[in-house]
RNA sequence: GCCCGGGUGGCGGAAUUGGUAGACGCAGCAGACUCAAAAUCUGCCGUUCGCAAGGAUGUGCUGGUUCGAUUCCAGUCCCGGGCACCA
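Residue numbers (the numbering used here): 2 to 1030.
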């Protein structure tokens, strides 16, 4: 039976006119209109009630619309919002659209439709789909990141980031003007040691710098900055991508190849917040998995940077040292260096292994490569670098070959003077640490493989912990062959070595992060323009009065010249006259104030998709404010998002960026909290449940009499899943098939081989596993002539769980289900499927059960024949017991987001009340309040029918009272030796001696004791009895 | 390879602190009502032995702790997700 074309009988009678059956269509339409007209979901920014902020990750309004997987999180958050409201909270539960982004622009390129137009159409469609489900969003607070009124403030926040730097002393963002003041009074001088030209300067020098020099120096500290860097360039998309938008060397969206390219880009200096982003994780309720993902992404490690003197070319003095070693004897050479030789700085997390260093590896891009490569090795090294450059990021990831080349030079171990060959290899990354490592083969698997591959002798510093076969990264071994740290446990030696190198002035303690600064510009059209104008190579921020800097209309979405975005094609826009702000503290008057049209050019990049989503939770609080992104009083009232629901796919992107923006805004005093989300719940994916038909491809008939094999290719025959085997096995039911294929003349007993193809079929024309044959014939013209081998008169489909996707014909549209069963049924069924956080397959069939439940609930109030059956009679003890058990169950299940068991709790309650023939308002009314978060329409309707005025949402949540559920006795399980043998009804007051007596008198217990005395009787009051023989 | 999750009937899942495994729902089977269907209602429903009473067995697998283990511990296999040359 199809979901779309099945007609539900009896749902068209108008409400209240005679037929008193559950007419969900009219009820839901009526209440949705009523809620809209009365503005019942409008939330004030001031209230005596405590606040509660429930947020959904807002959707990107794609053209595909919603499938049943999308609303899962929204339903969960809606239930929780309504629950909190009933519990007396002022609940903020908004919704909006993350409307800027690549897909709309790709669509524009392909179809010539302006992104604003397609986005608006998509939003309209989304909204109508959402409205049908009956959410309690306060739509007056809707935000759309692509509207000027919104992105004005995205641009404004960008300017705050641009105008701030991260102070390492206070560990927070401060206005860049403070840094300028510092430079003017004190300059920037090192705490110890000599100033390094180009890095350090005095106040006098600062004052003498040109405007451009000052701007460049400040750019090194701005939290939003522009710089040249290696970026992920995606040619197909014509833009750079952030690290988290690149998966396995291809773009996350579209799967296009991504290459490393050096370009001028804007960045967010998120690395400055690495520590605070890490520490903040301890203060929020995210799942362990989520925290883990974020801390892996940040990738903090601590160790040391160590300088090694470098002897360019062969060691000048050599002497042999023979290490006493359990596995190998290593002949080593030492050397001295001359003044002309250099030094190489490496980063290691394991300074304790410094005596196990057998070679050094530097990245092929390392600046020292040229300098230290000897003339003999020059050719080989150049060839190797050529090879590395020829390899794409993707190849490097796919095949991890061991490659490398010796430079011809040596580094000297600072402690024992051993000469250590320096290699280059692609396994060392230029962008991490110092781009150079000290390789310790006995303790690091990669170093070990490298040493084995190139036959580099391995020094063992961990004795028996190293087996000569593979590296052992232990920290618990006792050090050997390690000079002054011999005999120490490695773990303890780490600190000893760091202190020593610091004393010697050849290194420092150092913390490193895997996380890089986030690329913040895109060479695309459909994003926020940067409020920046370039004049003589200096970036000037636009004056606030110029905001929003509106995105101009374009005729073409094609990229501009030199890897620039489409905006570069619009000279009139680039050259616009705008008011700028001087920001360097310079006295140069020409650059202050209005800079006129001059030679400047507006920035043509736009901001990435995550810009608007990094702060939207703040805009919901105060969406119409045109004086500020959000009034401070309002953000102080709403504070953190109390509950944030969304998918795991944003673990390292959106979640980290929005956390960083929140921390910046907090540091700058614009908001009062520095973590945006207090608790995060990740909804699981709803997988598709695909259905298959089995199309007969060929029949191979082995005609023994004539001694030949014939192949037949029948047309359009489909075999029911359960018949597949019996048709193939000898002696099966082949006659039926032969009849269909006009092969009756063949002897069915002869061996045949049947070849079938498994083909996806639209789940919407399958009822459970039974194919709707008529619908199937209509589905595709080629099916019109289809014939079927059935089982029990039915065609049974095959089933598999796969990702929900159009191409697999396993998507289910919520609209269809809402039409057929109603929003309340749909909402409850989505929840009933299983725990919110878990992934589970969708199966439309089960929705009937939930629908039956709501009909059964309805019948507690109204009977089809008898009409109104609810009464004002006083409830019995048994009925009150059901009610209060339900209150307790629903409250605790809702509280812990266990909505699936909550739904089951309602079913149990309605089943029990039906059994008790309870139609009493006293009980039913309270049940409705419990139910309203889950099924708001039916609850509201019946609430009204019971004679209540006002919305059920303003009712008081029922209070559980233990006295109604108190039991005086319990059916105790009685086990003998831990095996359940019987149950016995025993008073709950009964103490152990009494219970023992009762139990031992029981016939079944006596039987199992076989006259032997029990060794022991375990009695847990209120739980169980176990007799040990 | 490393780090997280998770393996329970035909299916989705329940068992909140170690205490009656399989709640609730779907599917299935049998029956009632009906001219019939729909809707609704009743009963059965892990496997297995047994006419039954009752027994055995059972939460991926192997052990352990315990009076008692889906739950705790050790090992192992499988599935899902994340990370993957980060020194």
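Where a beta carbon is used, it is the ideal one built from N, C-alpha and C, also for glycine.
Problem set entry | Pair within 9 Å by beta-carbon distance, residue 254 and residue 104 | Yes; because the gap between Cβ atoms is below 9 Å, this pair is in contact.
Exercise. What residue from 983, 980, 958 has the CA that sits closest to residue 84's CA?
Worked result: 958
Exercise. Which partner residues does residue 761 have in the DSSP bridge list?
Worked result: Answer is 693.
Exercise. Does the region 370 to 381 touch the region 461 to 476, meaning 3 or more C-beta pairs lie closer than 8 Å?
Worked result: In this structure the region 461 to 476 does not touch the region 370 to 381; the number of beta carbon pairs closer than 8 Å is below three.
Exercise. Using the C-alpha atoms, what's the distance from residue 905 back to residue 93?
Worked result: 28 Å
Exercise. Considering residue 411, what are the terminal residues of the alpha helix (DSSP H) in which it resides?
Worked result: Not the alpha helix (DSSP H): residue 411 falls in the beta strand (DSSP E), residues 406 to 413.
For this session: Drop a sphere of 10 angstroms on the beta-carbon of residue 587, count the other beta-carbons inside from all chains shown, and report buried for 16 or more, exposed for fewer.
Result: With a pLDDT of 48 at residue 587, under the threshold of 50, the modelled position of that residue is not reliable, and the figure given next carries that caveat. The residue is buried, with at least 16 neighbouring Cβ atoms inside 10 Å.
Problem set entry | Given residue 614 as reference, the closest of 629, 576, 242, 662 once Cα atoms are compared | 662
Exercise. What is the C-beta distance between residue 457 and residue 360, in whole angstroms, given that I count them as a contact (C-beta under 8 Å)?
Worked result: 5 Å
For this session: Could you tell me if residue 807 is buried or exposed, where buried requires 16 or more neighbouring beta carbons within 10 angstroms of its beta carbon?
Result: exposed
Exercise. Whose CA, out of 63, 183, 870, 138, lies closest to the CA of residue 102?
Worked result: 63
Exercise. Among the residues of its own chain, which have a CB less than 7 Å from the CB of residue 761, if the five just before and after it don't count?
Worked result: 691, 693, 809, 810
Exercise. What three-state label does DSSP hand residue 479 in the structure shown?
Worked result: strand
For this session: Have a look at 825, 879, 871 and flag the residue whose alpha-carbon is nearest the alpha-carbon of residue 853.
Result: Selected option, being the one with the closest Cα: 825.
Problem set entry | Helix, strand or coil at residue 127 [DSSP, three-state] | helix
Exercise. Span of the alpha helix (DSSP H) holding residue 1035?
Worked result: Not covered by the structure: residue 1035. The range shown for the chain is 2 to 1030.
Exercise. Could you give the distance in angstroms between the alpha-carbon of residue 21 and the alpha-carbon of residue 865?
Worked result: 5 Å
For this session: Tell me, to the nearest whole angstrom, how far the beta carbon of residue 423 is from that of residue 410; I am working on the premise that it is less than 8 Å.
Result: 5 Å
For this session: Going by DSSP, name the residue or residues bridged to residue 816.
Result: None, per the DSSP bridge assignment.
For this session: Quick one: which unbroken beta strand (DSSP E) runs of 3-plus residues sit fully inside the region 487 to 537? Chain order, please.
Result: Entirely contained in the region 487 to 537, the beta strand (DSSP E) runs reaching 3 residues are, in chain order, 508 to 513, 533 to 536.
Exercise. Under 9 Å between the Cβ atoms of residue 407 and residue 225?
Worked result: no
Exercise. For residue 556, does the three-state DSSP call read helix, strand or coil?
Worked result: coil
Exercise. If we ignore side chains and look at the alpha-carbon of each, how far apart do residue 843 and residue 686 end up?
Worked result: 10 Å
Exercise. Is any heavy atom of the ligand NAD found at a distance shorter than 8 Å from the C-beta of residue 582?
Worked result: The ligand NAD is absent from the structure shown, which contains no ligand whatsoever.
Exercise. Hey, residue 80 and residue 832: beta-carbon distance below 9 Å or not?
Worked result: Cβ atoms of residue 80 and residue 832: closer than 9 Å.
Exercise. Counting Cβ pairs, one atom from each stretch, are 3 or more of them under 8 Å apart for the region 132 to 152 and the region 201 to 219?
Worked result: no
Exercise. Hey, how far is the Cα of residue 951 from the Cα of residue 127?
Worked result: 30 Å
Exercise. Rounded to the nearest angstrom, how far is the Cβ of residue 969 from that of residue 987, given a contact under 8 Å?
Worked result: Not quite, the Cβ-Cβ distance comes to about 10 Å (not below 8 Å), so this is no contact.
Exercise. Looking only at its own chain, which residues have a Cβ that is under 6 Å from the Cβ of residue 507, when we skip the five neighbours before and after it?
Worked result: 308, 415
For this session: Just list the alpha helix (DSSP H) runs in the region 787 to 861, keeping only unbroken ones of 4 residues or longer that don't cross its boundaries, in chain order.
Result: Qualifying alpha helix (DSSP H) stretches, in chain order: 815 to 822, 824 to 833, 848 to 860.
For this session: Name, in chain order, the residues that DSSP records as bridge partners for residue 232.
Result: 262
Exercise. What number of angstroms, rounded off, separates the C-alpha of residue 1012 from the C-alpha of residue 967?
Worked result: 37 Å
Exercise. Quick one: what does DSSP say residue 351 is sitting in, helix, strand or coil?
Worked result: coil
Problem set entry | Cβ shell of residue 993 (< 7 Å), same chain only, five flanking positions each side left out | Take residue 993, set aside five residues on each side of it, and the residues of its chain with a beta-carbon closer than 7 Å to its own are 1020, in chain order.
Exercise. Taking just the CA atoms, how far does residue 287 sit from residue 48?
Worked result: Taking the straight line joining both Cα atoms gives about 29 Å.
Problem set entry | residue 1020 (DSSP reduced to helix, strand or coil) | In the structure shown, residue 1020 sits in a strand (DSSP, three-state: E or B).
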